[in-house]
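Just so you know, the protein sequences line up as chains A and B, in that order.
Position 82 of the first sequence, counting from 1, maps to 82 under full-length UniProt numbering, and the rest follow consecutively.
Position 89 of the second sequence, counting from 1, maps to 89 under full-length UniProt numbering, and the rest follow consecutively.
Glycine included, C-beta positions come from ideal geometry on N, C-alpha and C.
Protein chains: 2
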Amino acid sequence: MHARDLVSGFPTVTADTPAVEAARLLAERDLPGLIVLDGDGLPLCVLPGTQVLRLAVPRYCQDDPALARVIDEDQADAFVRGLGARTVGECLPEQPRELPITDPDATLLEVAALMARTKSPLVAVVDGDRLLGAITLKALLNRALPA
Amino acid sequence: MHARDLVSGFPTVTADTPAVEAARLLAERDLPGLIVLDGDGLPLCVLPGTQVLRLAVPRYCQDDPALARVIDEDQADAFVRGLGARTVGECLPEQPRELPITDPDATLLEVAALMARTKSPLVAVVDGDRLLGAITLKALLNRALPA
Chain A
1 MHARDLVSGF PTVTADTPAV EAARLLAERD LPGLIVLDGD GLPLCVLPGT
51 QVLRLAVPRY CQDDPALARV IDEDQADAFV RGLGARTVGE CLPEQPRELP
101 ITDPDATLLE VAALMARTKS PLVAVVDGDR LLGAITLKAL LNRALPA
Chain B
1 MHARDLVSGF PTVTADTPAV EAARLLAERD LPGLIVLDGD GLPLCVLPGT
51 QVLRLAVPRY CQDDPALARV IDEDQADAFV RGLGARTVGE CLPEQPRELP
101 ITDPDATLLE VAALMARTKS PLVAVVDGDR LLGAITLKAL LNRALPA
């Protein structure tokens, strides 16, 4: 079995997508992350869901948990407003050493090794110059585990 | 709104749970991770799903993607057998600086800041000496996003 047998369509965004729209996509479709496409329709990166939160949460609250506690409840409830008019481009992590992207010929073991190495529960599958979709940890385990 | 209003029951394992059982739980229930309890029923850590793969994938394949490719397809399909009789205890990450664990009084902002800081889409909620359950990124965003 190869990546091409496991891949399925997966929502994509671009660097220009509003961050709040990305957050909504993550929540409504219960996704482990999002594929961010570049201008050529190829994955620029795979964005973990928690990375979108980094834009919404003021920097000083991320650095010091005690400071998050002193914000009053109404303001705390509305933290997502912090996303404002910001875009996915502003959530992109500093370029990691290796992206969770593979080709259709990768075996199950290769996909698993890539997920383990990049700590990404989502691997994008690219065939030359075209995104085929993604493989999630759930899809991989469902296929690999004995019935 | 506080963590106590968002928390819900969440599957737990212990260090003695077979790794293959943990993998099945992750896949069947599409979980972002698992809460690992200690002998007192308190969270020892929150285990990301990809961490379980690290046990199944031979070390040399994780280190060198080219080596994963030379394993033949049948063997690659069966990589999950690598979990063998191993346990969750063997998947535990080296102790991270901060665990994604909070108390029932945490505000939405505090939970979001904790997820962002620990990069964990899953936060365990502990009331004194009792695990109440967990808050997922999905649950947090569903509640925080404007309708």
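A15/B and D38/B have their C-alpha atoms spaced approximately 7 Å apart. Between L47/A and A22/A, the C-beta gap is smaller than 9 Å, which places the two residues in contact. Of all residues in the segment 55 to 69 of chain A, the ones placed with a Cβ closer than 7 Å to any Cβ belonging to chain B are A56, V57, C61, Q62, P65, A68 and R69, in chain order.
Between L55/A and A19/A the beta-carbon gap is near 5 Å, inside 8 Å, which marks them as a contact. By alpha-carbon distance to G49/B, the top candidate from P32/A, G133/A, V80/A and S8/A is P32/A.
Only residues of its own chain outside the window of five on either side were considered, and among them A3, L6, V7, V111, V123 and V125 have a CB closer than 7 Å to the CB of I135/B, listed in chain order. At a cut-off of 9 Å between beta carbons, P48/B contacts chain A. Taking a Cβ-Cβ cut-off of 7 Å, the neighbours of V80/A in chain B comprise A144 and L145, given in sequence order. Not a single C-beta of chain B is nearer than 9 Å to the C-beta of Q95/A. Closest in C-alpha terms to V88/A, from the list P11/A, M1/A and T17/A, comes T17/A. With a beta-carbon spacing of about 6 Å, M1/A and L108/A fall inside the 8 Å limit used to define contacts. Of L67/B, R143/B, Q75/B and D129/B, the smallest CA-CA separation from D103/B is found for D129/B. Against chain A, the beta carbon of R24/B has neighbours under 7 Å at L145, listed in chain order. Flagged as an interface residue toward chain A: L114/B, by a C-beta distance shorter than 9 Å. In its chain, beyond the 5 residues on either side, C91 and P93 have a beta carbon closer than 7 Å to the beta carbon of Q51/A. Listed by position along chain B, the residues whose Cβ is nearer than 7 Å to that of A124/A form an empty set, because the closest Cβ is around 15 Å away. For A106/A, there is no enclosing beta strand (DSSP E), as DSSP marks it with neither H nor E. The alpha-carbon of R29/B is positioned some 16 Å away from that of P146/A. Annotation: D127/B to C61/A spans about 22 Å, alpha carbon to alpha carbon.
In its chain, beyond the 5 residues on either side, A19, V20, L55 and A56 have a beta carbon closer than 6 Å to the beta carbon of L83/A.
The closest CA to that of R97/A, considering only R117/A, D72/A and A76/A, is found on R117/A. Contact note: T107/B reaches chain A through A68, R69, I71, E73, A76 and D77, using a C-beta cutoff of 8 Å and chain order.
Residues of the same chain with a CB within less than 8 Å of the CB of L25/A, apart from the 5 flanking positions on each side, are P11, V13, L31 and L34 in chain order. The distance from the Cβ of L132/B to that of G41/B is about 12 Å, inconsistent with a contact at the 8 Å cut-off. Taken through DSSP and simplified to helix, strand or coil, P65/B comes out as helix.
Of the residues assessed, V80/B falls on the buried side of the cut-off, its CB having 16 or more other CB atoms within 10 angstroms. Taking the Cβ atoms as the reference, P65/B lies roughly 7 Å from A113/A, within the contact range of under 8 Å.
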